[in-house]
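Here the protein sequences line up with chains A and B, keeping their order.
Residues 1 to 258 in UniProt numbering are what the first sequence spells out, letter by letter.
Residues 1 to 416 in UniProt numbering are what the second sequence spells out, letter by letter.
Note that the Cβ used here is the ideal one computed from N, Cα and C, for glycine as well.
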Amino acid sequence: MSQPVFLGIDLGASRTKVALLDSSKNLIGRAVQNSGTNYTRTAEVCLEAALEMAGAGMDDIVAGIGTGYGRSNVPFVGDTKTEIACHGKGCFHYFPHAVSIIDIGGQDNKIIKLSDAGLRTEFKMNRKCAAGTGAFLEEMSLRLNIPLEAMNDQAKQSTEMVKLGSYCTVFSGTEVLENIRNGKKVEDIVKGLFFSVIKRVLEMDSLSENVVMTGGVVAHNPYLVSMAEEIIGRSISVPPYPQFSGAIGAALFAMNLN
Amino acid sequence: MAEEKKVVRKVIETSKDMGRFMKDYYYELNEAATTGSRKIAWCTSVGPTELLRAMGFLVYFPETHGAMLGSTRTATDMIPAANALGYSPEICSYLTADVGAYLNKFTPLSKAYPGIETVPKPDVLVFNTNQCRDVQDWFAYYAREYNVPMIGIHTNRSVTDVNDPIVDDVAKQIENLVKPLEEISGNPFDMDKFKEVVGLSRQCSDRWKDVLETTTAKPSPMTFFDSSTLMGPAVVGRGTQIAVELYEKLLAELKDKVAKKDAAVEGERFRIYWDGMPVWGRLSAHSKLFAGLKANVLASTYCSSWIFTALEADDPFRSMARAYTELFIVRSDDYKEQYIKDKLERFGIDGIIYHDARTCPNNSNCRYGMVKRVEALSGVPSLTIDGDLCDMRCVSDEQTKTKVEAFIEQLDELKG
Ligand code: SF4
């Protein structure tokens, strides 16, 4: 098989995502890996896996764009774009109208606003702080000694949420310990943690009528979406592959290179 | 792999003269301090320097030292010593860096100007609270340490109209400084000398204004990162003939560049306004970052703070009072919003960067919703970056880079 393939690599602080699109903008291959410390190697391994899924080879790649923190370390791409641009582009592909995108990543959160034409009108990123990010949940899963993957189900089982007040990840950790000492149930604490993630993100900026959520944290913890819906009082859309929004956006930009 | 963008940094020839001026300035202070030949006054950057000069003092500005600690990236090592003394890490990092340097017996002047061992010891400390209250606390520390008098001016803040009662009040306070300064200097007050200094200060200010105005040209011949260092003489040398001459020379050079369309940023595509202070330890890095994106940060609130159009030789006390109250930092939000809007139009700005300097709320205009209000007023998009003037622990380079790149991409999309 030989068909033109467009590549997007999102080398994030925590995970590396590769998306491959065919010329009709269908996602034909994808893969995700821990970013680790050797960005170039990770990108290669991830790309190989995505190509295998697509049934394509390196020679089929017509153009590629790199994005994410490690974007300047990505080999085999023609250019780079910021993750803000790529998330916007990736989302607009699925939701082509004015929208506010909430992206929760491993180490940062973003709220990106797009116009009806898909142009960015504004964006906000979290300050130099891990509150409300995937890193926060990762840290808390260690404190609670439960696997990260188990948190979504734990939160769903909660009957009485524990409210955590702190803005800071480290202080929240202390609050968690205090609640354990006071005999609170783990699922109630986890729900509280989810709530604090959502609260931190939502306070970054106002939201427009249509809201979309993306990012690896949401992909693995869909319960966060329903919590956010409850808080803002309207429904929130999630694209088919929320963790790949940036990579898909990058691949879409790659199409424009041609 | 995507290619690294090459950035050619344009040289401004007159910056060498500015460098020589600063060198002479510090050696003169050092000589006076070590031999006792002249009295030395420490003054806040927008304090009553003209009066001090007219009274025969050599004038030293601790804020310039703070900026130097920042730009040499030594501030972050000094700050903890001041913190340990009780100064919060959240207050002015000029203050904490400078006090920390004093406690560590360190000054970046020694490296820049061999032979200088310490900052010049003051005979008097003179503040003006027009910019912030931190300066008064800062000077109070040294007044205790050096056991020298501290005098100053308390200016009204958040001023919309600089009206007569305010001007009268501040002018009276400046006049009240004369007597103690006569006692400390041993020189009688000389009105003619004072008028002459105020006249020169006005000329310096006018030339500096002209210099900054050259960046209205498209393409601009200079960047904010240049003007942040070129403003040295406007800060420490106003009231002197040499400062006026330096800016005349700089102006001629920049006008020549404008005529030749010699752009400070090759292929200037975006014109950016900078609100707030520079991140001193990243001046060069930020200059490269923006230039690599064909964006010229060419106008700022900060560098324009040394324009004092109200100064008048014939009415020195009142005109100084007016000039030092008309300053952007002293004004109400209503005034500030209109001021920024006017600047955006005048300089043909595509986007604003607000620097939220962690330790200087006084120079960070993005904390009380002004960003949104200015955006509504002007329609110009903006970006806020988190950072600090001196404390590099408050700076995330990667996040700044991503934000700035994303902002320029956004402006690019808007330009179509
Ligand atoms: S205005 Fe800001 S930087 Fe300047 S002295 Fe005051 S607090 Fe420090």
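C-alpha distance - residue i paired with residue j, whole-angstrom precision
i	j	result
T14 of chain B	E253 of chain B	7 Å
F195 of chain A	E83 of chain A	25 Å
A2 of chain B	I65 of chain A	Reliability fails at A2 of chain B, whose pLDDT of 43 lies under 50, so the model's placement of it is uncertain and no value is given.
G199 of chain B	L212 of chain B	20 Å
residue 260 of chain A	L289 of chain B	Coverage of chain A is limited to positions 1 through 258, which leaves residue 260 of chain A absent and any answer about it impossible.
K336 of chain B	T301 of chain B	10 Å
M150 of chain B	D24 of chain B	27 Å
E178 of chain A	L164 of chain A	11 Å
S304 of chain B	A32 of chain B	31 Å
R30 of chain A	Q243 of chain A	10 Å
D10 of chain A	P89 of chain B	36 Å
D188 of chain A	N152 of chain A	12 Å
F194 of chain B	G239 of chain B	9 Å
Y87 of chain B	I79 of chain B	9 Å
A98 of chain A	A85 of chain A	15 Å
T74 of chain B	P4 of chain A	53 Å
V8 of chain B	G416 of chain B	26 Å
E326 of chain B	D315 of chain B	16 Å
A54 of chain B	L293 of chain B	47 Å
H93 of chain A	F123 of chain A	18 Å
D123 of chain B	P180 of chain B	12 Å
M140 of chain A	G173 of chain A	7 Å
V218 of chain A	F127 of chain B	54 Å
N182 of chain A	G192 of chain A	15 Å
K401 of chain B	Q107 of chain A	15 Å
T40 of chain A	C92 of chain B	42 Å
R200 of chain A	G12 of chain A	21 Å
Interface residues of chain A facing residue i [CB-CB closer than 9 Å]
i	result
E90 of chain B	Ordered by position in chain A, no residue passes the 9 Å Cβ test against E90 of chain B, which lies about 14 Å from the chain.
Under 7 Å from the C-beta of residue i: neighbouring residues of chain A
i	result
E398 of chain B	Y69
L293 of chain B	Those do not exist, as L293 of chain B stays about 11 Å from chain A at its closest Cβ, beyond 7 Å.
E413 of chain B	L119 and R120
Neighbour list for residue i in chain B, Cβ cutoff strictly below 7 Å
i	result
A85 of chain A	A406 and E409
The ligand SF4 heavy atom lying under 7 Å from the CB of residue i
i	result
L125 of chain B	no
C132 of chain B	yes
E63 of chain B	yes
M277 of chain B	yes
N83 of chain B	no
N109 of chain A	no
L95 of chain B	yes
V135 of chain B	yes
L389 of chain B	yes
C92 of chain B	yes
Chain A contact residues for residue i, given Cβ-Cβ distances below 8 Å
i	result
T402 of chain B	Y69, T82, E83, I84 and M125
Cross-strand partners of residue i (DSSP beta bridge)
i	result
N128 of chain B	B:I153
V5 of chain A	A:I61
G29 of chain A	A:L20
L383 of chain B	B:I353
C43 of chain B	B:V126
E122 of chain A	A:K113
F106 of chain B	Bridge partners of F106 of chain B: none, in fact.
V258 of chain B	Looking at the DSSP assignment, V258 of chain B forms no beta bridge with any residue, so it has no partner.
G66 of chain A	A:I9 and A:T80
L414 of chain B	None, per the DSSP bridge assignment.
R144 of chain B	In the DSSP output, where bridge partners are listed per residue, R144 of chain B has none listed.
N296 of chain B	B:R271
N38 of chain A	DSSP, once it has assigned bridges, lists no residue as partnering N38 of chain A.
T214 of chain A	A:D103
Any non-hydrogen atom of the ligand ATP closer than 7 Å to residue i Cβ
i	result
N362 of chain B	Ligands in the displayed structure: the ligand SF4; the ligand ATP is not one of them.
Below-8 Å beta-carbon distance, residue i vs any chain D residue
i	result
V371 of chain B	In the displayed structure, chain D is absent; the protein chains listed are A and B.
When you check each C-beta in the region 98-129 of chain A against every C-beta of chain B, which residues fall closer than 8 Å?
Within the region 98-129 of chain A, the qualifying residues are D108, L119, R120, T121, E122, F123, M125, R127 and K128.
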